[in-house]
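The structure under discussion appears below in the form of structure tokens.
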Amino acid sequence: MIRRRSIVLAALLIVVGVVGVGAAWRLLPGTPSDPAGEFLARHWQKPLAAQGAPPANFSALEASLDPRNCGQCHVAQFESWKQSLHSQTMGAGMLWQLQMMPQDDANPCFDCHAPLAEQKALMARSHHWPAAPATAPPAYVPQTLGHDGLVCAACHVREHARFGPPSKSASTPSPGQTPHGGFTASSAFEDSRFCATCHQFPDDGPRTANKLREDTLNQWRQSRYAAEGRSCQSCHMPDREHRWPGIHSPEMVRSALSTRIEVDAQGQVSASVTNTGAGHSVPTYMVPKLHIELWLIEASSPLGTRLAQDTIGWDVDVSLQHENFDTRLAPGASRVLHATLPALVPNGARLELRAEVAPREHYERSFESMLPRSAGMKPDARRLLEQAIDEARATRYSLVLQRQDLLQPAS
């Protein structure tokens, strides 16, 4: 019994402490001068209420909460969403832990990972939790919905009414001319606070070393991007694309970082990495790491020689109690590598500044720490744990941030 409880507590620390408690960020009540804030206070009342029975005039397609049915009309958005991490929020990393959780502990995780009441009900039935509905779901709730992650309806549907940003079109069809009665437009969908429901803890939320574990909105508010009116969506949903690229995207990392390599006459090298393109810290929280390395590459030795290295990230132990270091780059901040070239550097040599990116480094360590205790897990939980480790490791990738030729031998 003690062994079992220790596994559950460790798992809860990983899910609730790192990823975030969806209901934790409490929006201040909106005011007449802040219609977006007023909308968000209503829209993100968590836990989300069940949709209820659809209007009698809705077709099966209109009433459905299945993202695949949304994709029948919203083709581009659905195709983007399928490639996004939002579609993967109920992957192996979550599922192995749910094998050991009671429903009361799992519900806060669902508030961001599978926030619809209908998703929670499906997961309760599949795990045989005491509070699970006794009857099968209605036709508009597909059996797959619990595992579909952060679905379209989580952001866009309340009581079967549709919501979204103002239309780009000059003319908006009347409700009678559009499926599911049209939609209600709100500028809140283009407001950074929309994302904060899952990407920002409140001031009294979970902390390590007195730092909020989810603090992205606050980081943005302190950056020039907030002053310039550049929202989260402007970078992570360009042209309203539903892919939300971030640390997992090499292109996004390249766009966030600027680099500079300088070599003086004595062969002293300074290589800097600066956050010039992200409106929050790089990385924004503790899960990813960027290992920055400076390499000397010679024609006779294509493998090269590593001259210097550093790690950019927030390193916290798996218990989430102790900080080892915090080298994240706030907007405009830099890290500099220093090295000395060998006395003789042949012609044709070059310097390379590389990034070894580990988007799920903290999860890798956390999940791996559970393996010695996996004998006390259900077989499905161990299988999913091993899958989660493999998937976390597979997200690693390498980038060459800058190459610089050394035109003359150092003397």
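Mapping of the sequence shown onto our numbering: residues 206 to 616, in sequence order.
Virtual Cβ for every residue (Gly too), placed ideally from N, Cα, C.
Boundaries (first-last residue) of the alpha helix (DSSP H) holding residue i
{"i": "N312", "result": "308–318"}
{"i": "Y430", "result": "429–432"}
{"i": "G581", "result": "Per DSSP, G581 belongs to no alpha helix (DSSP H) and is neither H nor E."}
{"i": "F530", "result": "That residue, F530, is in no alpha helix (DSSP H); its beta strand (DSSP E) goes 528–531."}
Residue from the options with nearest C-alpha to residue i
{"i": "S539", "options": "V478, P488, L604", "result": "V478"}
{"i": "A544", "options": "D469, A599, S374", "result": "D469"}
{"i": "W449", "options": "F244, F283, M582", "result": "F283"}
{"i": "I517", "options": "G482, A560, L508, E528", "result": "A560"}
{"i": "R488", "options": "K325, S454, W519", "result": "The sequence shown places Pro at residue 488, rather than the Arg named in the question. Ranking K325, S454, W519 by Cα distance to P488 puts W519 first."}
{"i": "P193", "options": "H404, E557, L270, S475", "result": "Because the chain spans 206 through 616 in this model, residue 193 falls outside it and cannot be assessed."}
{"i": "A358", "options": "W334, P335, F388", "result": "F388"}
{"i": "A563", "options": "I452, L549, N529, E446", "result": "I452"}
{"i": "S289", "options": "L300, H447, L611, Q324", "result": "H447"}
{"i": "A254", "options": "T600, E419, H365", "result": "H365"}
{"i": "P260", "options": "R367, T349, S454", "result": "R367"}
{"i": "P338", "options": "T349, D239, Q324", "result": "Q324"}
Where the beta strand (DSSP E) containing residue i begins and where it ends
{"i": "G298", "result": "From DSSP, G298 is part of no beta strand (DSSP E) but of the alpha helix (DSSP H) over 297–303."}
{"i": "D610", "result": "602–610"}
{"i": "A359", "result": "No beta strand (DSSP E) holds A359; the alpha helix (DSSP H) holding it covers 357–361."}
{"i": "N262", "result": "No beta strand (DSSP E) holds N262; DSSP gives it neither H nor E."}
Straight-line Cα distance separating residue j from residue i
{"i": "S392", "j": "Q609", "result": "45 Å"}
{"i": "M305", "j": "A311", "result": "9 Å"}
{"i": "A554", "j": "I502", "result": "6 Å"}
{"i": "W249", "j": "S397", "result": "14 Å"}
{"i": "T402", "j": "P252", "result": "11 Å"}
{"i": "A229", "j": "L422", "result": "Interpretation of A229 is limited by its pLDDT of 36, a score under 50 that renders its predicted location unreliable; the figure taken from the coordinates is listed afterwards. Cα to Cα, A229 sits roughly 14 Å from L422."}
{"i": "L233", "j": "H404", "result": "For L233, the predicted model reports a pLDDT of 44, less than 50, meaning its position is unreliable and no value from the coordinates is stated."}
{"i": "L606", "j": "R465", "result": "10 Å"}
{"i": "A414", "j": "T532", "result": "14 Å"}
{"i": "E596", "j": "Y602", "result": "13 Å"}
{"i": "A476", "j": "W500", "result": "11 Å"}
{"i": "K583", "j": "L303", "result": "11 Å"}
{"i": "L300", "j": "A548", "result": "55 Å"}
Proximity below 8 Å, CB of residue i to CB of residue j
{"i": "G351", "j": "A322", "result": "no"}
{"i": "A436", "j": "E395", "result": "The residue you asked about is not Ala; residue 436 is Ser in the sequence shown. Cβ distance < 8 Å, so S436 and E395 count as in contact."}
{"i": "F406", "j": "L417", "result": "yes"}
{"i": "R429", "j": "P536", "result": "yes"}
{"i": "R570", "j": "S579", "result": "no"}
{"i": "M295", "j": "G354", "result": "yes"}
{"i": "V362", "j": "Q256", "result": "yes"}
{"i": "L546", "j": "G472", "result": "yes"}
{"i": "R459", "j": "L604", "result": "yes"}
{"i": "A390", "j": "S374", "result": "no"}
{"i": "A593", "j": "F572", "result": "yes"}
Cβ distance (whole Å) where residue i is taken to contact residue j below 8 Å
{"i": "S574", "j": "L534", "result": "In fact, because the Cβ distance is near 27 Å, the residues do not count as touching under 8 Å."}
{"i": "H567", "j": "V492", "result": "4 Å"}
{"i": "A483", "j": "A504", "result": "Going by Cβ atoms, the distance from A483 to A504 rounds to 36 Å, so no, they are not a contact pair."}
{"i": "A329", "j": "P342", "result": "At roughly 11 Å, the Cβ-Cβ gap does not stay under 8 Å, so A329 and P342 are not in contact."}
{"i": "Q277", "j": "L266", "result": "6 Å"}
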